[in-house]
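J.: Counting with our numbering, you get residues 376 to 698 for the letters of the sequence shown.
The beta-carbon is built from N, C-alpha and C at its ideal position, and this holds for glycine as well.
All figures in this text were calculated on a predicted structure; none of them were measured in a lab.
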Amino acid sequence: MHYKKWIILLFAVSTLMYGSIFLLYLVVDPEQIFNKSITKYKFGYTKYYSKHQYEKLKSHKYILIFGTSRSQALSSKELGEPLLNFHNIYGEPGDILNFLKQLDKQQIQNTKHIYYLVSLDTMRNDINLLDYSVYTIWDEVAEAFPLGNLSLKYLMRDIINNIRRKSIYYYVDDDGSQFIYDKNKTTVLNRTVKQSFNINLKKSKSIETLLKIDTFCKKVGIKITYYTPTYTNKYTLQKEQLFFMWKQLLQGGIDGFYALYYLNGTSNEVIGKRYTKFLDASHLNYYNMNKVFKNIVLDEDSKYKIKDEQTLVEYFNKMKEVK
Numbered sequence: 376m377h378y379k380k381w382i383i384l385l386f387a388v389s390t391l392m393y394g395s396i397f398l399l400y401l402v403v404d405p406e407q408i409f410n411k412s413i414t415k416y417k418f419g420y421t422k423y424y425s426k427h428q429y430e431k432l433k434s435h436k437y438i439l440i441f442g443t444s445r446s447q448a449l450s451s452k453e454l455g456e457p458l459l460n461f462h463n464i465y466g467e468p469g470d471i472l473n474f475l476k477q478l479d480k481q482q483i484q485n486t487k488h489i490y491y492l493v494s495l496d497t498m499r500n501d502i503n504l505l506d507y508s509v510y511t512i513w514d515e516v517a518e519a520f521p522l523g524n525l526s527l528k529y530l531m532r533d534i535i536n537n538i539r540r541k542s543i544y545y546y547v548d549d550d551g552s553q554f555i556y557d558k559n560k561t562t563v564l565n566r567t568v569k570q571s572f573n574i575n576l577k578k579s580k581s582i583e584t585l586l587k588i589d590t591f592c593k594k595v596g597i598k599i600t601y602y603t604p605t606y607t608n609k610y611t612l613q614k615e616q617l618f619f620m621w622k623q624l625l626q627g628g629i630d631g632f633y634a635l636y637y638l639n640g641t642s643n644e645v646i647g648k649r650y651t652k653f654l655d656a657s658h659l660n661y662y663n664m665n666k667v668f669k670n671i672v673l674d675e676d677s678k679y680k681i682k683d684e685q686t687l688v689e690y691f692n693k694m695k696e697v698k
């Protein structure tokens, strides 16, 4: 019967097409699962890329950066320090603790310092924890298969951007940071943006997990420094949630944090209608993200350090005056 031949032919053609696309995905490697590619520039990756960073830590000393998109532009090139930027696992305490607990003695010795950007956005529980001891070609293929819409989107963007290189806005650098060509890009903000966070911190295990990270670092002798994102004065924070989070962390034993939410001369600098140091209401541009981090956090400017509950209360009372 002819319809059976057509079904077989359709199946064969579909399989061949999918196989060809999957093969193209493997050799282009848009999400840097395999760390080998026929194209030069990369524009997106999953938390699986942290396996490559895990391997790098076996042979060289690095500063480790954990955080969100508010820390993704922190770069070895700009800071003059060898670092690995792990914003790919998004600063979630569960993922970070999982990563740290799998480090061997050499990797721990190679960890010069940990800088951890803590925000409400990081206070999430994640169950997709990676096994860093498993690292074979079959694990990599399994991570890539089957191709979803997002993977196909990454594939097309990778190919198009590598062909039309003049249109590239950013790419993922070797240290895991996001390199942005327009380092001083600015933004126009016509309305106030409200922070949105719906997790009940009193019931969440994220604070408890973050304190386990702090305990682990102290136990193995890794220095860890906590700091906050920086926002424009158009970004309205959920101050009660933030105060509760930091109070719990201070009571739990962390050695303070750098409070950078609103920086005078940065958060409120407007020329014309443009916020000159921001990409949007909650993201510093490339140059100023690195500048703020270097001048305050890396250089340990005590002016911005919150060390105890008293200074925490004083700081949040002052924040009420921000407009």
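Assign N330 to one of two classes, buried (16 or more other C-beta atoms within 10 Å of its C-beta) or exposed (fewer than that).
T.: In the structure as shown, the chain begins at 376 and stops at 698. Residue 330 is therefore absent and cannot be evaluated.
J.: Please list the segments of the beta strand (DSSP E) lying wholly inside the region 561-644, counting only runs of 3 or more residues, in order along the chain.
T.: You should have 599-602.
J.: Using DSSP's beta-bridge definition, name the partner residues of I553.
T.: Note on residue identity: the sequence assigns Gln, not Ile, to residue 553. Beta-bridge pairing links Q553 to V547.
J.: Does the distance from the C-beta atom of T443 to that of G466 stay below 7 Å?
T.: yes
J.: Just to confirm before moving on: does the CB-CB distance between A656 and L585 stay below 7 Å?
T.: No, the Cβ-Cβ distance between A656 and L585 is not below 7 Å.
J.: Going by DSSP, what residues sit across from R499 in a beta bridge?
T.: R499 is not bridged to any residue.
J.: Keeping to the same chain, check which residues put their C-beta closer than 7 Å to that of K680; ignore five residues upstream and five downstream.
T.: G631 and Y633
J.: For my contact list, N485 and K436 are in at a C-beta cut-off of 8 Å; report their separation, rounded to the angstrom.
T.: 5 Å
J.: Specify, as a first and last residue, the run of the beta strand (DSSP E) that H488 falls within.
T.: T486 to L492
J.: Spatial neighbours of K569 within its chain, please: C-beta separation below 6 Å, excluding the five flanking residues on both sides.
T.: T611
J.: Under DSSP, the beta strand (DSSP E) around Y437 begins and ends at which residues?
T.: Looking at the DSSP string, the run of the beta strand (DSSP E) that includes Y437 is Y437 to F441.
J.: Select from V493, P405 and L399 the residue whose C-alpha is nearest the C-alpha of D589.
T.: V493
J.: Could you give the distance in angstroms between the alpha-carbon of Q616 and the alpha-carbon of V402?
T.: 45 Å
J.: Using only the alpha-carbon positions, how far apart do I396 and K411 sit?
T.: So the alpha carbons of these two residues sit roughly 17 Å apart.
J.: Could you tell me which residues DSSP pairs with H658 in its beta bridges?
T.: D655
J.: Start and end of the beta strand (DSSP E) containing L475?
T.: Element bounds for L475: not the beta strand (DSSP E) but the alpha helix (DSSP H), P468 to K476.
J.: Counting only the same chain and skipping the five closest in sequence on each side, list residues whose C-beta sits under 8 Å from that of L687.
T.: F618, W621, K622, L625 and I681
J.: May I ask which residues mark the beginning and end of the alpha helix (DSSP H) holding N670?
T.: For N670, there is no enclosing alpha helix (DSSP H), as DSSP marks it with neither H nor E.
J.: Would you call the region 641-649 in contact with the region 534-554, where contact means no fewer than 3 C-beta pairs closer than 8 Å?
T.: no
J.: Just verifying my parser: in three-state terms, what is the DSSP assignment at Y416?
T.: coil
J.: State the start and end residues of the unbroken alpha helix (DSSP H) segment that holds L454.
T.: S451 to L454
J.: DSSP three-state call for Y529: helix, strand or coil?
T.: helix
J.: Tell me which same chain residues have a C-beta within less than 6 Å of the C-beta of L472, skipping the five on either side of it?
T.: T584, K587 and I588
J.: What separation, rounded to the nearest whole angstrom, lies between the Cα atoms of F572 and W381?
T.: 53 Å
J.: What does the alpha-carbon distance come out to for the pair N663 and F441?
T.: 18 Å
J.: Just how far apart, CA to CA, sit K476 and K560?
T.: Taking the straight line joining both Cα atoms gives about 38 Å.
J.: Whole-angstrom Cβ separation of G370 and N460, contact assumed at under 8 Å?
T.: The shown model of the chain, from 376 to 698, leaves out residue 370, and the question about it has no answer.
J.: So the beta strand (DSSP E) L458 belongs to, where does it begin and stop?
T.: L458 to N460
J.: Leaving out five residues on either side along the sequence, give the residues of the same chain with a beta carbon under 8 Å from the beta carbon of K422.
T.: N463, I464, Y465, D470, N503 and L505
J.: In the DSSP output, which residue or residues are listed as bridge partners for Y650?
T.: T562 and V645
J.: Among E430, R566, Y636 and L527, whose alpha-carbon lies nearest the alpha-carbon of E406?
T.: The option with the nearest alpha carbon to E406 is L527.
J.: Give me the Cβ distance between Y602 and L635, rounded to the nearest whole Å; I'm assuming they're in contact under 8 Å.
T.: 6 Å
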